[in-house]
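Q: Counting in UniProt numbering, the sequence shown runs from 1 upward without gaps.
Ideal Cβ positions, reconstructed from N, Cα and C, are used throughout, including at glycine.
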Amino acid sequence: MNLHDWIDELSDVLGVEDEMDEGLVLDLARVVAHAVERPAAPVTSYLLGYAAGAAGADAEEVERLAARAQRLAESWDRPAGAPDPDDVDEPVPDDGAVDHSGDALD
């Protein structure tokens with residue numbers, strides 16, 4: 001099975017009738033992964049799809065939305081791992097990367 005077969009099968013399972021330009025989505029994900037950080041790639045792809053669906057976008061509008069997202073990623077000036085400028089002066093450190101799933105609740 002290749003990527004195109006997967007997309008066709010997944011589209012059937014999800015009830016998606018429209019064709020997608022996987023090259024467009026993969027290019028956007030690649031740029032975002034390198035310019036922002038890797039976890040931003042699937043989140044960006046999801047948000048692109050959500051925005052396109054919410055707007056009832058045709059293929060040309062999806063391309064315009066993807067281009068806007070790509071321009072944002074290409075101009076992103078906060079490297080992965082850089083502190084959030086809003087958190088720098090806070091007395092309580094951000095522990096968002098810490099797994100608290102095993103912590104007991106008070």
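Ignoring anything shorter than 4 residues, give me the alpha helix (DSSP H) runs that lie fully in the UniProt domain "DUF6457" (2-78), in order along the chain.
A: 3-14, 22-35, 40-55 and 59-74
Q: Give me, in chain order, the residues of the same chain whose beta-carbon lies closer than 8 Å to that of Glu61; leave out the 5 immediate sequence neighbours on both sides.
A: Ala52 and Ala55
Q: Does the stretch 26-44 come close enough to the stretch 63-78 that 3 or more CB-CB pairs lie under 8 Å?
A: yes
Q: Hey, would you say Asp21 sits closer than 8 Å to Ala57, going by beta carbons?
A: no
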